């Protein structure tokens, strides 16, 4: 058999006193823990509020990036369409290049370029100088009259005397 302890009145008073004293300390500890949990919840609530604001900002940025990507996509399609139309015109472009080259050749075939003539040798009139100079460098029997449409020097001015002189150009009629 087990022994059964029957509390007496004195024991109940001691037990109540122990419970009361323990419960005050325990209650204070519980209240402190509840207060600490409350502070942690406030901190977490603050962080959640910041995260919510950050996520809203990210959504706005994402929406603007989507709009930018959409605009760039439209621009890319327009450029691709232009490239396709240009590539479709390749035979016409080749014809125009050939025509331009032919016109440049026809324009320049009456031109003679003189290289190495010292600077300021011709004075102020390049045309008169070349009319005298060309018969001197060809043969003494060269007698046709030279008619120029224009004659001039071209290219950048030389800053130093030892630099190669500017070429002279004569365009015959």
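Residue numbers (the numbering used here): 1 to 173. The beta carbon of each residue, even a glycine, is placed where N, CA and C say it ideally should be. Since we're looking at a predicted model, the values are computed, not measured.
Suppose the cutoff is 8 Å on Cβ atoms and the five residues either side in sequence are ignored; what does the same chain contact list for residue i look like?
i: residue 130; result: 114, 122, 146, 148, 151, 168, 170
i: residue 111; result: 169, 170, 171, 172
i: residue 10; result: In this prediction, residue 10 has a pLDDT of 48, which is less than 50 and means its spatial position is unreliable; what the coordinates show is noted afterwards. Answer for residue 10: no residue qualifies.
Look up residue i in the DSSP assignment and say whether it is helix, strand or coil.
i: residue 9; result: In this prediction, residue 9 scores a pLDDT of 48, lower than 50, which makes its location untrustworthy; no coordinate-derived value is stated.
i: residue 169; result: strand
i: residue 154; result: coil
i: residue 82; result: helix
i: residue 32; result: helix
i: residue 149; result: strand
What span of residues does the alpha helix (DSSP H) with residue i cover, start to end?
i: residue 136; result: 126-137
i: residue 91; result: 90-108
Report yes if the C-beta distance between residue i and residue j is below 8 Å; otherwise report no.
i: residue 165; j: residue 119; result: yes
Short of 7 Å in beta carbon distance, which residues of its chain neighbour residue i, apart from the five on each side in sequence? Order them along the chain.
i: residue 154; result: 166, 167, 169
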